[in-house]
Amino acid sequence: MTAVIDDGSEAVQGLASRYGLALIDPAGAVDEGVALFISDQGVELGGDPAEFGHPLRVDFTEGKNAHRRRFGGGRGQLIAKACGLSKGATPDIVDATAGLGRDAFVLAALGCRVLMIERVAAIAALLENGVERARTHEDTAEVAARMMFRYGDSATALKSLVSDAAFAPEVVHLDPMFPHRDKSALVKKDMRLFRALAGDDPDASTLLTAALDTALYRVVVKRPRKAPTLDGPRPSHQVIGKTSRYDVYVHKKLP
């Protein structure tokens with residue numbers, strides 16, 4: 101399990117306590133492999149620069165997230181079509197495998213209320229801090245106000261996490277990690293660091309079952325374009341792009 105570099109601050113102590121993470125002395129950080137720390141830019145995750153590059157953090161105010169918010173294509177994006185936004189609805193969406201929050205941010209920018217759930221402690225810490233910082237930035241405060249967060253395992257506790265947040269799960273979105281066999285998939289060093297923590301999701305079918313049992317209107321599963329569907333019922337339809345697709349499981353029509 102990822103540890104937190106102890107700088108003696110209350111913020112670090114609180115971070116470790118919240119996510120049940122061990123504290124390590126800065127001198128031992130190299131031996132740890134990867135570790136969380138708090139910098140002037142927020143909560144970050146770092147490892148060997150030769151293998152992982154720059155430290156990883158969640159930032160919704162600049163970079164790819166900011167570019168996609170402004171130029172991503174609005175409700176014409178695949179994820180928007182799959183979640184039903186293209187037909188005029190603006191559903192409340194549970195992102196049950198939130199990761200770094202990129203898809204959740206897109207959906208929130210399009211007007212949806214989004215509950216993000218993440219089960220990997222270090223990734224959850226990055227995500228929660230990213231949302232907190234976005235709420236204080238003038239460019240993202242309105243979007244981030246529609247983003248809620250819970251730390252927990254959607255495969256085993258999705259209904260209780262949604263209930264705890266008092267959130268209406270009109271649509272549940274899943275993006276389970278898929279085993280990559282193509283070495284080119286690991287070229288980007290920041291994603292090497294992410295995958296080192298998240299691994300694959302061997303319980304993806306269990307996630308689907310939990311989502312189908314929780315969603316009021318539909319479940320949306322993001323997959324590589326040529327990947328098989330998850331074990332379980334067949335999708336009602338698919339929204340297919342160049343490199344990825346969305347398998348859509350419809351219970352009933354969105355209001």
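Here this note's numbering is used: the first residue of the sequence shown is 101, the next is one more, and so on.
C-beta: ideal position from N, C-alpha, C; glycine also.
Nothing here was measured: the structure is a model prediction, and the numbers come from that model.
Flag this pair as touching only if the segment 262-273 and the segment 306-317 have three or more C-beta atom pairs under 8 Å; answer yes or no.
yes
Spatial distance of D203 from R334 (CA atoms):
23 Å
Beta-carbon contacts of K356 that lie in its chain and below 7 Å, excluding the five residues immediately before and after:
Nothing in the structure corresponds to residue 356, since the chain is present only between 101 and 355.
Would a C-beta distance cut-off of 7 Å place E270 and D195 closer than the cut-off?
no
Is R235 helix, strand or coil by DSSP?
coil
I'd like to check one pair, L226 with R157: are the Cβ atoms closer than 7 Å?
yes
Which residues bound the alpha helix (DSSP H) around S336?
Here S336 belongs to no alpha helix (DSSP H), and DSSP marks it neither H nor E.
Three-state class that DSSP yields for R318 in the structure shown:
strand
Simplified DSSP state of A135, which is helix, strand or coil:
strand
What residue range does the alpha helix (DSSP H) around F249 cover?
Premise fails: F249 lies in the beta strand (DSSP E), 247-251, not in any alpha helix (DSSP H).
Quick check on this structure: which residue in Q141, S336, L215, L274 has the alpha carbon closest to the alpha carbon of R233?
Q141
For my contact list, P126 and E144 are in at a C-beta cut-off of 8 Å; report their separation, rounded to the angstrom.
Not confirmed; about 14 Å, so no contact.
Could you check what DSSP says for L156 in three-state terms: helix, strand or coil?
strand
Thinking just about the alpha-carbon of each residue, which of L178, S336, G120 is nearest to the one in T102?
G120
Rounded separation between P355 and V220 - CA only:
33 Å
Residue burial classification, G146 (beta-carbon count within 10 angstroms, cutoff 16):
buried
In the DSSP assignment, find the beta strand (DSSP E) that holds G142 and state where it starts and stops.
142-146
Indicate whether S356 and R318 have their beta-carbon atoms separated by less than 7 Å.
The requested residue 356 does not occur in the structure, where the chain is confined to residues 101 to 355.
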